[in-house]
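Residue numbers (our numbering), protein chains in the order written: chain A, 35 to 350; chain B, 35 to 350. Structure first, commentary second.
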DNA sequence: CTTAAATCATACCATGATGTTATGAAAATA
DNA sequence: TATTTTCATAACATCATGGTATGATTTAAG
């Protein structure tokens, strides 16, 4: 006995609306149409679905059972319709994002959190990687977006790049650090403290060397090398070490006061934090929406940095 | 976005079988058919359902979500098909049965129990009533079957009657009763004990008078009048009262030893316990099956009564 | 009990979805 | 590169499904 889901749905509509006519209206069809469908069904099944000669039709027990399944079907198709609408509107789906650990943990993950408050049905898969790795994964299609500091002339072929923020680094230390209170610093004041370095394969490592040499420090003691922001911050908090961090990362931590910046102007690298994606690839709605969100968040972030930077942190 | 449940089902079939061709086979269709349906769906929805240019097709995230609903739909239609098969085979549905309380409780309910062991999806609705009431309800269609002792010439118009068992009554008492051990009884031995009578509107009440007068007792003391078998049996057990019960009822209790019959041959009424139903009404499969079951059970019962009656109970 | 209203069934026609076969294109595989 | 696998397209057939008009039957009202 092969049954069409639509027919079960139809039975449910008839019962729930109390008649062929009402059911037809609910289904957006004409009364004769559903009448004929019911007749056909009864013939096919070989059993009555509605009691004979009752004018507002009265469903058989079998019909009630079938209608119950019909309601399940109606429910399922409705959620299907809903999810396609969500999906097409970029309100459902998933995005796979990868980037450098420090930025992902320090800036992006917070934005992901607020993004998901607005779009709870979009799932974000976050992984870590540096430029070469990101490029490979973008080409292979295992990630949708990369977030990474890149020199404009280093953007790999076949990838598009959208700058989000200039790559500015700052000297950072724990808020409890002896230097944190001073309004100006000399080289000799900085010199005694040990340094925390990012992993050697990170672009930040190079930054650290360049930054320090730009202020005249060529020889420094590395007391800790860590791959993740969390490890750097916790070592920072428990020691008097200094490190170099992207200003945006330090800025994002401003409310929880785990790290602060020192009033030393470093030479900033000629890279820009930005988004990477495969050039010829049209993004799914959810990914496009996420990208837009990130871009707008960085827009806002850079404005805040400008405002705040003038009076409090960007001091010399 | 209006979606056809069949299409969701189709997506599920494609994914679960790993390709358009396999899916088509599983659905009993041709490959081009499902291919075109998928294309149409993608156009309608306005989003890809399978990644472009992958030769064993690979479903999109959206497609996976839709397929999940498709599986729900497939499940629902399958159970619908199953229930119609059960229903048509009389293995699902319900039957509304009414009858005289003593027979229903003493004989029929036990048969219902064993029936439902074989056909657990058939629900039986049991109510009580005497002939006039049963007739009314059968005509009105509020019950499907009646079970009642009826004189063949009293069968109401528009009803059919199928005899199950001759209406034989016996004197009954508790197994602990002083008379229960005796192999023969005289009128004077019976006379001292009080009597339990069925309710006055029951046909059994008339039987009681007739039966007792047939053995010469015209004046008797009624100590209890009860409507249900359970109440009669419990009073019987706690007293030295006697009563008149249908032999089949006493017989059905033979294993639990709550009641026994006395070796007195009563004049039996010219009625037959039998099934009643509306003549022109075609029964639903489940009802027909239940009726058949009851008939065969009574067949067996009357054979057992015959065998056992000869040597143990039908003594004079 | 008759009449009116409500509700469903049937007849007829139109069309769109769905199916089939034949065949071509593209990806995967050897 | 050649071959196989897998999917897409074209052309056609047909059946399910939809609509309108209208008749029949039950229910409700007078």
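Ideal Cβ placement from N, Cα and C applies to all residues, glycine included.
Any chain A beta carbon closer than 7 Å to residue i
i	result
residue 99 (chain B)	yes
residue 121 (chain B)	yes
residue 39 (chain B)	yes
residue 52 (chain B)	no
residue 128 (chain B)	yes
residue 114 (chain B)	yes
residue 35 (chain B)	yes
residue 312 (chain B)	no
residue 328 (chain B)	no
residue 352 (chain B)	The displayed coordinates of chain B run from 35 to 350. Any statement about residue 352 (chain B) would go beyond what the structure contains.
residue 242 (chain B)	no
residue 176 (chain B)	no
residue 96 (chain B)	yes
residue 136 (chain B)	no
residue 347 (chain B)	Confidence at residue 347 (chain B) is low in this model, with a pLDDT of 45, below 50, so its placement is unreliable and no value can be given for it.
residue 18 (chain B)	Given a span of 35 to 350 for chain B in the structure shown, any question on residue 18 (chain B) remains unanswerable.
Reduced DSSP secondary structure (H/G/I, E/B, other) of residue i
i	result
residue 227 (chain B)	coil
residue 308 (chain A)	strand
residue 128 (chain A)	strand
residue 194 (chain B)	strand
residue 295 (chain B)	strand
residue 279 (chain A)	strand
residue 159 (chain A)	strand
residue 91 (chain B)	coil
residue 57 (chain B)	helix
residue 39 (chain A)	helix
residue 324 (chain B)	helix
residue 200 (chain B)	strand
residue 206 (chain A)	strand
residue 104 (chain A)	helix
residue 175 (chain A)	coil
residue 52 (chain B)	coil
residue 123 (chain B)	coil
residue 140 (chain B)	helix
Residue i at chain B interface by Cβ criterion, 7 Å
i	result
residue 74 (chain A)	no
residue 161 (chain A)	no
residue 110 (chain A)	yes
residue 71 (chain A)	no
residue 103 (chain A)	yes
residue 259 (chain A)	no
residue 81 (chain A)	yes
residue 106 (chain A)	yes
residue 172 (chain A)	no
residue 118 (chain A)	yes
Heavy atom of the ligand MN within 6 Å of residue i beta-carbon
i	result
residue 72 (chain B)	Only the bare structure without any ligand can be found here, which leaves the ligand MN out of the picture.
The alpha helix (DSSP H) enclosing residue i, as first and last residue numbers
i	result
residue 239 (chain A)	237-248
residue 145 (chain B)	143-152
residue 414 (chain A)	A query on residue 414 (chain A) cannot be resolved here, the shown segment of chain A reaching from 35 to 350 and no further.
residue 271 (chain A)	263-271
Burial state of residue i, where buried means 16 or more other Cβ atoms lie within 10 Å
i	result
residue 138 (chain A)	buried
residue 106 (chain B)	buried
residue 340 (chain A)	exposed
residue 90 (chain A)	exposed
residue 178 (chain A)	buried
residue 99 (chain A)	buried
residue 188 (chain B)	exposed
residue 112 (chain B)	exposed
residue 234 (chain A)	exposed
N- and C-terminal bounds of the beta strand (DSSP E) containing residue i
i	result
residue 258 (chain B)	256-259
residue 180 (chain B)	179-184
*Answer yes if the stretch 269-288 of chain B comes into contact with the stretch 199-219 of chain B, meaning at least three C-beta pairs across the two stretches below 8 Å, and no otherwise.*
yes
*Decide yes or no for the touch test of the stretch 281-301 of chain A against the stretch 75-87 of chain A: beta carbon pairs closer than 8 Å, at least 3 of them.*
no
*asked:* Is it the case that the stretch 118-133 of chain A contacts the stretch 155-171 of chain A, given that we only count it when at least three CB pairs across the two stretches are under 8 Å?
replied: Three or more Cβ pairs closer than 8 Å define a contact, and the stretch 155-171 of chain A meets that threshold against the stretch 118-133 of chain A.
*Is there contact here, the stretch 266-275 of chain B with the stretch 218-228 of chain B, by at least three beta-carbon pairs under 8 Å?*
yes
*the stretch 299-312 of chain B contacting the stretch 185-201 of chain B, beta-carbon criterion three pairs below 8 Å*: Yes, since at least three Cβ pairs between the stretch 299-312 of chain B and the stretch 185-201 of chain B fall closer than 8 Å, the two stretches touch.
*Would the stretch 208-228 of chain A and the stretch 246-266 of chain A be scored as touching if the rule is three or more Cβ pairs under 8 Å?*
yes
*Can we say the stretch 326-338 of chain B touches the stretch 204-221 of chain B, given the rule of at least three CB pairs closer than 8 Å?*
no
*Quick check: the stretch 138-148 of chain A against the stretch 320-334 of chain A, are there 3 or more CB pairs under 8 Å?*
yes
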